[in-house]
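Student: Chains as they are written, first to last, in the numbering used here: chain S, 1 to 110; chain D, 1001 to 1115.
The beta-carbon is built from N, C-alpha and C at its ideal position, and this holds for glycine as well.
Here it is: the structure, laid out below.
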Amino acid sequence: GENVEQHPSTLSVQEGDSAVIKCTYSDSASNYFPWYKQELGKGPQLIIDIRSNVGEKKDQRIAVTLNKTAKHFSLHITETQPEDSAVYFCAASYGDKLIFGTGTRLQVFP
Amino acid sequence: ETGVTQTPRHLVMGMTNKKSLKCEQHLGHNAMYWYKQSAKKPLELMFVYNFKEQTENNSVPSRFSPECPNSSHLFLHLHTLQPEDSALYLCASSQISGTANTEAFFGQGTRLTVV
């Protein structure tokens, strides 16, 4: 069935360190993989996305990699800052819908 | 401001009440979604509307009844809810073209408490 697994569920890092969050998906037909950041009291907001015809995408301190063969994709945040603290969700497309992972609570300590 | 507005932001209702959640998008998108977010199952897809037609009902109990009168508005009618239905209900919209998805924009959500 449609499934997205996300790890770890919580992640604590020191300011300036890197953070990596990993996801796997089940349907080889999935072709769109967004990452969302959710701050307290707000809805999720897109921070970066990648399509199946690309292996890697970078936007300043944030990068996403996709391995279609293994059905893995990962979020990399470098030089973390306290304002990066939030819950991060990966998602994979299934037809006209997005299925989300279970979320990673990232805490960046000053 | 994401272009997706949900009202109310907070709602407390008894188990015998009838209430409705409202979502409006100003982005010209053709697809709208209801998600339920709780501690046990974050971001659980409930309903999908594509060009006002419901294309997904993810085994949601009939006490939740969606309505999509046009591509800009989406409602979730609530009736005879249970305490375990307490959660954050998120609305989202996106532009679907064939099999290509685009970014889903989320509203701020309605925090629902059933007492």
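(1) Taking 8 Å as the CB-CB cut-off, is leucine 1090 of chain D touching chain S?
(2) By the criterion of Cβ-Cβ separation under 7 Å, what are the contact partners of valine 1048 of chain D in chain S?
(3) For chain D, check one thing: does any of its Cβ atoms lie closer than 8 Å to the Cβ of glycine 43 of chain S?
(4) Any Cβ of chain S within less than 8 Å of the Cβ of glutamate 1103 of chain D?
(5) Where does the unbroken beta strand (DSSP E) through isoleucine 99 of chain S begin, and where does it stop?
(6) If contact means a Cβ-Cβ distance below 7 Å, which residues of the segment 75-94 of chain S contact chain D?
(7) So with CB distances below 8 Å, who are the chain S contacts of glutamine 1108 of chain D?
(8) Is the shortest distance between the beta-carbon of tyrosine 25 of chain S and the beta-carbons of chain D less than 8 Å?
(9) When we look at the beta-carbon of asparagine 1050 of chain D and count the other beta-carbons within 10 Å, is it buried (16 or more) or exposed?
(10) Between which two residues does the beta strand (DSSP E) carrying phenylalanine 1075 of chain D extend?
(11) Determine the contact status of methionine 1046 of chain D and tryptophan 1034 of chain D, defining contact as a CB-CB distance below 8 Å.
(12) Quick one: using the 10 Å Cβ neighbour count with 16 as the cut-off for buried, is valine 1004 of chain D buried or exposed?
(13) Buried or exposed, going by whether 16 or more other CB atoms sit within 10 Å of the CB of asparagine 1101 of chain D?
(14) Specify the secondary structure class of aspartate 49 of chain S as computed by DSSP and reduced to three states.
(15) Please look up how many angstroms separate the CB atoms of glycine 1028 of chain D and glycine 43 of chain S, rounded, as I've assumed it's under 8 Å.
(16) Run down chain S in chain order and give the residues with a C-beta less than 7 Å from the C-beta of threonine 1055 of chain D.
(17) Taking the beta carbon of proline 82 of chain S as the centre, do at least 16 other beta carbons fall within 10 Å, making it buried, or is it exposed?
(18) May I ask you to list, following chain order, the residues of the segment 1018-1046 of chain D that have a beta carbon less than 9 Å from some beta carbon of chain S?
(19) What did DSSP end up calling aspartate 59 of chain S once you bin it into helix, strand or coil?
Tutor: According to the structure data:
(1) Start at 1 with the first residue of the second sequence, and residue 1090 of chain D comes out as number 90. Yes, because at least one Cβ of chain S sits closer than 8 Å to the Cβ of leucine 1090 of chain D.
(2) Residue 1048 of chain D sits at position 48 when you count from the first residue of the second sequence. Within 7 Å Cβ-Cβ: Asp96 and Lys97.
(3) By one-based count along the first sequence, residue 43 of chain S stands at place 43. Closer than 8 Å to some Cβ of chain D, the Cβ of glycine 43 of chain S qualifies, so yes.
(4) As a working mapping, residue 1103 of chain D is identified with position 103 in the second sequence. True, the Cβ-Cβ gap to chain S drops below 8 Å.
(5) Within the first sequence, numbered from 1, the residue matching residue 99 of chain S stands at position 99. Start and end: 97-100.
(6) Phe89 and Ser93
(7) Translated into positions along the second sequence, residue 1108 of chain D becomes position 108. In chain order: Gly41, Lys42 and Gly43.
(8) Sequence index remark: in the first sequence, residue 25 of chain S carries index 25 (1-based). By this cut-off, tyrosine 25 of chain S is not an interface position.
(9) The sequence position of residue 1050 of chain D within the second sequence is 50, counting from 1. Burial call: buried.
(10) Translated into the one-based positions of the second sequence, residue 1075 of chain D becomes position 75. Residues 1073-1079.
(11) Position 46 of the second sequence, counted from the first residue, corresponds to residue 1046 of chain D. Position 34 of the second sequence, counted from the first residue, corresponds to residue 1034 of chain D. In this structure, tryptophan 1034 of chain D lies closer than 8 Å to methionine 1046 of chain D by Cβ.
(12) In the second sequence, counting from the first residue as 1, residue 1004 of chain D sits at position 4. Looking at its Cβ environment, which holds 16 or more other Cβ atoms inside 10 Å, valine 1004 of chain D is buried.
(13) Taking the second sequence and counting its residues from 1, one reaches residue 1101 of chain D at position 101. Flag for asparagine 1101 of chain D reads buried.
(14) Numbered from 1 along the first sequence, position 49 holds the residue referred to as residue 49 of chain S. Here aspartate 49 of chain S sits in strand by DSSP.
(15) The residue given as residue 1028 of chain D occupies position 28 in the second sequence. The residue given as residue 43 of chain S occupies position 43 in the first sequence. No, glycine 1028 of chain D and glycine 43 of chain S are not in contact; Cβ-Cβ is about 19 Å, not under 8 Å.
(16) Counted from its first residue, the second sequence places residue 1055 of chain D at position 55. Under the 7 Å cutoff, chain S gives Asp96.
(17) Locating residue 82 of chain S in the first sequence gives position 82, counting from the first residue. So proline 82 of chain S counts as exposed.
(18) Residues Ala1031, Tyr1033, Tyr1035, Gln1037, Lys1041, Pro1042, Leu1043, Glu1044 and Leu1045.
(19) Taking the first residue of the first sequence as 1, we reach residue 59 of chain S at position 59. Annotated three-state conformation of aspartate 59 of chain S is strand, per DSSP.
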